[in-house]
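Below: the structure, in structure tokens.
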Amino acid sequence: MSHISPKSTYYAIFGALMALTTLTVYVAFQHLGWLNFPVAITIAFLKASLVVLFFMHVKYSSRLIKLLVASTFFFLACLFGLTMTDYLSRGWLTSPRGTTTAGMLPKLQAAELPAASAQALANPQPLFEATCGSCHSFTTKTAPTLAEIHNLYATDVEKVVTWAKAPQRKRMRFEPMPSFAHLGDARLHALANYMLQQAAQAPPAP
Amino acid sequence: MPDALAAHAEAHGHSHGHAAHHPDLQHHFETLEQQKEASALGMWIFIIQEVMFFGGLLAAYMLYRIWYPTAWSEGSAELNIQLGGLNTVVLIGSSLTMAMAVRAAQTGKQKALVGFLIATIALGLVFLVVKGFEYHDKWVLHHVPGLNFQLEEGQVPQIAIFLSLYFALTGLHALHMVIGFVLMSVILWMAWRKRFSPEWYTPVEMAGLYWHFVDIVWIFLVPLLYLVDRAHQVQ
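Those protein sequences? They're chains A and B, same order as listed. Be aware that the first sequence starts at 1, since it is given in my numbering, and climbs by one per residue. Be aware that the second sequence starts at 1001, since it is given in my numbering, and climbs by one per residue.
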């Protein structure tokens, strides 16, 4: 049963593993955008396959062993698939005010945006209601309240604008915030000013 | 060999009418091949649950990487590619010597077997020493979440998550190396005492499977930890 591989096979596999290691480091420094990660993982799987097939002798093992080794992918797919479908879809839940992160975006894009001039933005309230205000209010439970935002930023309009353009996700209890970069700097500044002014005022009596 | 078999049968009181057999063949197996196949099957099931063990941490890694891409990029930039790369060469080298050790056992080359096992253990120790230097650097730089953590800029709490996963993954990997070191020492001792033959070398092969598995874990850890977003980082 035992297949004895020639020494040359092992040296060749070692050489291939070294070459692939060099390749993965080289590729990591190339600008491939989102492709960097899939390429790195593909090379890692290639290397692992060489080790499994030749160093671990699976190429010369019984069908039972081969099936068993292949089943690893099935179990890993279950682990990653179930975990990710759960966590990554949590932001899709409908929020109490009838909007969802996913459903909100088309609504906003379809909404008529006021011109970006100072005159048109003199009263940002309608725009605020259609954008930030659909999640952020004094009482909201789906996103940080206006008071909380005011505590964080006080009068730092720039930070609010920066955040709105490229939001991160700091608090796991809230849905991730979508980017509002498409509104443009002028509108975002007007919105941020308006929001911080509103937030500075006492919350309305319940 | 027939004498040895007879002596074995006598020593174990095997006079109850069943045929003399290889001293390492357990009674519940028909042949040595069947016995080895059963061992390999058990070893592979163990390795698959090890994959799932690391898989849990890697799933956490993936989720946080999707949530905090910037912190992952900033955190990875703090790791030392040279040391990570050196350890990759060392560990893949030890996999080669391990494969050669199994081959030496298959072909009954006693001296080569002992030599390759010593080389494998030595390379494993080099890996752990390099890892030790890396951990020491992290400690000096205050990059150890929970014990010694201080960062001036970047998404500090999220980078702490990245570094926690770095220590959890590489730490558990290093623990597997230490266990492998103990395992290899036992195999070396058995090889030294000429316990293996081309007919029976199952422990060498099973220890080899474990060693190669630990190598594979490292093959995945390097791109996941050391090589995140290197092309797009501000130099």
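No residue lacks a Cβ here, since even glycine has one placed at the ideal position from N, Cα and C.
Asked: Assigned secondary structure, H1143 (chain B) (DSSP; H/G/I helix, E/B strand, else coil); Found: strand
Asked: Helix, strand or coil at N1148 (chain B) [DSSP, three-state]; Found: strand
Asked: N- and C-terminal bounds of the alpha helix (DSSP H) containing G1180 (chain B); Found: V1156 to W1192
Asked: Min CB distance A102 (chain A) to chain B below 8 Å; Found: Here the model assigns A102 (chain A) a pLDDT of 47, short of 50, so the residue's position is not dependable, and the following value carries that caveat. Chain B, which has no Cβ nearer than 8 Å to the Cβ of A102 (chain A), makes this no.
Asked: Close-in-space but distant-in-sequence residues of the same chain around T1031 (chain B) (CB under 8 Å, 5 per side omitted); Found: L1025
Asked: C-alpha gap between V1222 (chain B) and F54 (chain A), whole angstroms; Found: 21 Å
Asked: Delimiting residues of the alpha helix (DSSP H) encompassing T140 (chain A); Found: Run containing T140 (chain A): none; DSSP gives neither H nor E here.
Asked: Where W1192 (chain B) falls, given that 16 or more other Cβ within 10 Å makes a residue buried; Found: exposed
Asked: Beta-carbon proximity check, T142 (chain A) vs F174 (chain A), cutoff 8 Å; Found: yes
Asked: Candidates B:A1038, B:L1117, B:A1059 and B:F1162, of which the one nearest E1074 (chain B) by Cα; Found: B:F1162
Asked: Whole-Å CB distance - K47 (chain A) paired with L20 (chain A), under 8 Å assumed; Found: 5 Å
Asked: Proximity of L146 (chain A) and M195 (chain A) at Cβ, strictly below 8 Å; Found: yes
Asked: Between the CA atoms of I65 (chain A) and H3 (chain A) - distance to the nearest angstrom; Found: 15 Å
Asked: Residues, ordered as in the chain, of the segment 42 to 54 of chain A that lie near chain B by beta-carbon distance below 9 Å; Found: I43, A44, F45, K47, A48, V51, V52 and F54
Asked: Selection of the segment 1202 to 1215 of chain B by Cβ proximity to chain A, strictly under 7 Å; Found: L1209, H1212 and D1215
Asked: Alpha helix (DSSP H) segment containing D86 (chain A), residue limits; Found: R63 to S89
Asked: Contact set between D1229 (chain B) and chain A, taken where Cβ atoms lie within less than 9 Å; Found: A28, N36 and F37
Asked: Interface partners of T1088 (chain B) on chain A, CB under 7 Å; Found: T21
Asked: Span separating the alpha-carbon of L23 (chain A) from that of P1203 (chain B); Found: 35 Å
Asked: Beta-carbon proximity of A28 (chain A) to L1079 (chain B), cut-off 8 Å; Found: no
Asked: Delimiting residues of the alpha helix (DSSP H) encompassing R1195 (chain B); Found: Unbroken run through R1195 (chain B): none, as it is neither H nor E.
Asked: Counted within 10 angstroms of its Cβ, other Cβ atoms place H136 (chain A) as buried (16 or more) or exposed; Found: buried
Asked: Distance CB(E1153 (chain B))-CB(L1083 (chain B)) smaller than 8 Å; Found: no
Asked: Simplified DSSP assignment, three categories, for D1215 (chain B); Found: helix
Asked: Beta-carbon contacts of A1119 (chain B) that lie in its chain and below 7 Å, excluding the five residues immediately before and after; Found: T1097
Asked: Coil, strand or helix - Q30 (chain A) by DSSP; Found: coil
Asked: Under 8 Å between C-beta atoms of M1100 (chain B) and Y60 (chain A); Found: no
Asked: Test item: CB-CB of P1243 (chain B) and G1093 (chain B) under 8 Å; Found: Nothing about residue 1243 (chain B) can be reported from this structure: the residues present for chain B run from 1001 to 1235 only.
Asked: Which of helix, strand or coil DSSP assigns to S95 (chain A); Found: With a pLDDT of 47 at S95 (chain A), under the threshold of 50, the modelled position of that residue is not reliable, and the figure given next carries that caveat. Correct three-state label for S95 (chain A): coil.
Asked: Closer than 8 Å to chain B by CB, A40 (chain A); Found: yes
Asked: Nearest to A1122 (chain B) (by Cα), restricted to the options B:S1185, B:H1021 and B:W1189; Found: B:S1185
Asked: 7 Å Cβ shell around K159 (chain A) - same chain, five flanking residues per side excluded; Found: Y153
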